[in-house]
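Q: Here it is, the structure, as structure tokens.
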Amino acid sequence: MNKNASRVVIVTGASSGIGREIAKYFANKGDKVYGLARRLFDDEKIVSIQCDVTSKEQVRIAIQQIVDKEKRIDVLINNAGCGVSGSIENCDIDDIKDMFNVNFFGAVNVTQEVLGIMREQKGGKIINTSSVASIIPIPFQSYYSATKASLDIWAKALRMEIKLFNIQVCNILVGDTKSNFTLSRKKSNNDKGTPYESIVEKSISKMEKDEQNGKDPITVAKVMYKVSRKKKLPPTKTVGGMYKLILILEKFLPQKLMLFIVSKLYS
Ligand SMILES: NC(=O)c1ccc[n+]([C@@H]2O[C@H](COP(=O)([O-])OP(=O)(O)OC[C@H]3O[C@@H](n4cnc5c(N)ncnc54)[C@H](OP(=O)(O)O)[C@@H]3O)[C@@H](O)[C@H]2O)c1
Numbered sequence: 001m002n003k004n005a006s007r008v009v010i011v012t013g014a015s016s017g018i019g020r021e022i023a024k025y026f027a028n029k030g031d032k033v034y035g036l037a038r039r040l041f042d043d044e045k046i047v048s049i050q051c052d053v054t055s056k057e058q059v060r061i062a063i064q065q066i067v068d069k070e071k072r073i074d075v076l077i078n079n080a081g082c083g084v085s086g087s088i089e090n091c092d093i094d095d096i097k098d099m100f101n102v103n104f105f106g107a108v109n110v111t112q113e114v115l116g117i118m119r120e121q122k123g124g125k126i127i128n129t130s131s132v133a134s135i136i137p138i139p140f141q142s143y144y145s146a147t148k149a150s151l152d153i154w155a156k157a158l159r160m161e162i163k164l165f166n167i168q169v170c171n172i173l174v175g176d177t178k179s180n181f182t183l184s185r186k187k188s189n190n191d192k193g194t195p196y197e198s199i200v201e202k203s204i205s206k207m208e209k210d211e212q213n214g215k216d217p218i219t220v221a222k223v224m225y226k227v228s229r230k231k232k233l234p235p236t237k238t239v240g241g242m243y244k245l246i247l248i249l250e251k252f253l254p255q256k257l258m259l260f261i262v263s264k265l266y267s
């Protein structure tokens, strides 16, 4: 495909935060962007499609609608996501499953739907919004870390499976970013009145503060766009110098020391 030709791009979770910024950025660069989310939104440059990524049927209909119109899908960005916080012992199992259904199985649903199309057109790119928390486990946000770690390992295997079809995959590891994520996070009430209560409160309020003082979502959008334009996608890409450094340290420091530092920060 011509480097400057308009690509057909799908962004999930495009109704707010990082996804909205990604969708706008790609559209402003000339791509034809379809934004999927449960809420419809107004943006003259983005086609908004109502779709809950946890519903296989809604995903099938949404992708079919795009393919009927465009006949191809060049880039899929699996970005829809949510958070749940609380202790491992007390988090509600249904909340944990709901989060896995969005953060992991949602990406699986959409990817399974587009792979056949990308295979037929002999190429495509899949980019997933992952998190630095997929590598650095965050106490009291452990299940969120687990959803993103699942997404990382799955994407690496996917990369090997679909290489022969000229389809590439990259996970973008994002750190604290200012968005609606903080407000939307489901905080477990089950720690109230338990020995975890005060430590969970402190830990979550630090996380919230860090997110609200975090980067502008446009920084993620810019990195994602740059990656999407590469001829060869790296398996992962981290957003921001500080997070790159943290992940390098994670590789080289003894695990015990790394976990000690994280635990000092969050618990
Ligand atoms: N903010 C951070 O600090 C941070 C750090 C690392 C990674 N991330 C990741 O970045 C991604 C975007 O999050 P954000 O920070 O931009 O948060 P956000 O502002 O809350 O945006 C989340 C997006 O996901 C969509 N979504 C949630 N459930 C969905 C579902 N079932 N089906 C379809 N769409 C759904 C939401 O749209 P609707 O509610 O309209 O469905 C919304 O558009 C997530 O994967 C998150 O894990 C965020």
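Straight run, no breaks: the sequence shown in my numbering ends on number 267.
All C-beta atoms, glycine included, are put in the ideal place defined by N, C-alpha and C.
These figures come from a predicted structure and were not determined experimentally.
Cβ of Val235 versus every heavy atom of ligand 1: is any distance shorter than 7 Å?
A: The sequence shown places Pro at residue 235, rather than the Val named in the question. Flag unset: Cβ of Pro235 not near ligand 1.
Q: With DSSP as the reference, label Thr194 as helix, strand or coil.
A: Coil.
Q: What does a CB cutoff of less than 7 Å around Thr147 pick up in its chain, not counting 5 residues either side in sequence?
A: The answer, listed in chain order, is Met99, Phe100, Asn103, Phe104.
Q: Considering Gly124, what are the terminal residues of the alpha helix (DSSP H) in which it resides?
A: Counting along the chain, Gly124 falls outside any alpha helix (DSSP H), though it belongs to the beta strand (DSSP E) covering 124–131.
Q: Considering only their Cβ atoms, is the gap separating Ile218 from Glu21 smaller than 8 Å?
A: Yes, these two residues count as a Cβ contact at 8 Å.
Q: Looking at the secondary structure, which residues open and close the beta strand (DSSP E) in which Ala269 lies?
A: Nothing can be reported for residue 269, as the shown portion of the chain is limited to 1 through 267.
Q: Determine the direct distance from the alpha carbon of Ile10 to that of Gln65, and round the result to whole angstroms.
A: 12 Å
Q: So the candidates are Val169, Ser267, Phe252; which of them puts its Cα closest to the Cα of Val108?
A: Val169
Q: To the nearest angstrom, report how far apart Ser85 and Asp152 are at their CA atoms.
A: 20 Å
Q: Count Cβ pairs between the region 185–193 and the region 245–262 that sit closer than 8 Å; are there 3 or more?
A: no
Q: Quick one: does Pro137 have its CB under 8 Å from some CB of chain D?
A: Checking the listed chains, one finds no chain D in this structure; it contains a single protein chain.
Q: Going residue by residue through the region 67–104, where are the continuous alpha helix (DSSP H) segments of at least 4 residues, counting only ones entirely within it?
A: Counting only runs of 4 or more residues that sit fully inside the region 67–104, the alpha helix (DSSP H) segments are 93–103, in chain order.
Q: Measuring only the C-alpha atoms, how far is Asn213 from Leu164?
A: Their Cα atoms are separated by approximately 42 Å.
Q: Tell me whether Ala285 is buried or exposed, calling it buried when 16 or more other Cβ atoms sit within 10 Å of its Cβ.
A: Residue 285 lies beyond the range of the chain shown here (1 to 267); nothing can be said about it.
Q: Helix, strand or coil for Lys45, going by three-state DSSP, please let me know.
A: Judged by DSSP in its simplified three-state form, Lys45 adopts coil rather than helix or strand.
Q: Between the Cα of Lys156 and the Cα atoms of Asp68, Asp42, Thr236, Lys24, which residue gives the shortest distance?
A: Taking only the C-alpha atoms, the option nearest Lys156 is Thr236.
Q: Would you mind sorting Pro234 into buried or exposed? The rule is 16 or more other CB atoms within 10 Å of its CB.
A: exposed
Q: The beta strand (DSSP E) with Leu36 in it runs from where to where?
A: Leu36: member of the beta strand (DSSP E) spanning 32–37, first to last residue.
Q: How about Thr54: is its Cβ closer than 7 Å to a heavy atom in ligand 1?
A: yes
Q: Does DSSP put Leu173 in a helix, in a strand, or in coil?
A: strand
Q: Exposed or buried, Pro139, counting other C-beta atoms within 10 Å across all chains shown (16 or more means buried)?
A: So Pro139 ends up on the buried side.
Q: Closest to Leu36 by C-alpha separation, out of Leu259, Asn28, Ser16, Glu44, would be which residue?
A: Ser16
Q: Are the CB atoms of Tyr243 and Leu173 within a distance shorter than 8 Å?
A: yes
Q: Can you name the start and end residues of the alpha helix (DSSP H) that Lys237 belongs to?
A: Annotation for Lys237: no alpha helix (DSSP H) segment contains it, though the beta strand (DSSP E) segment containing it runs 236–238.
Q: In the structure shown, what three-state DSSP assignment does Lys215 receive?
A: Assigned with DSSP and collapsed to three states, Lys215 falls in strand.
Q: I think Ile93 touches Ser142, with their Cβ atoms under 8 Å apart; what is that distance to the nearest whole Å?
A: That pair is no contact at about 13 Å.
Q: In the DSSP assignment, find the unbroken beta strand (DSSP E) run with Val53 in it and report its ends.
A: Looking at the DSSP string, Val53 is not in any beta strand (DSSP E), and its letter there is neither H nor E.
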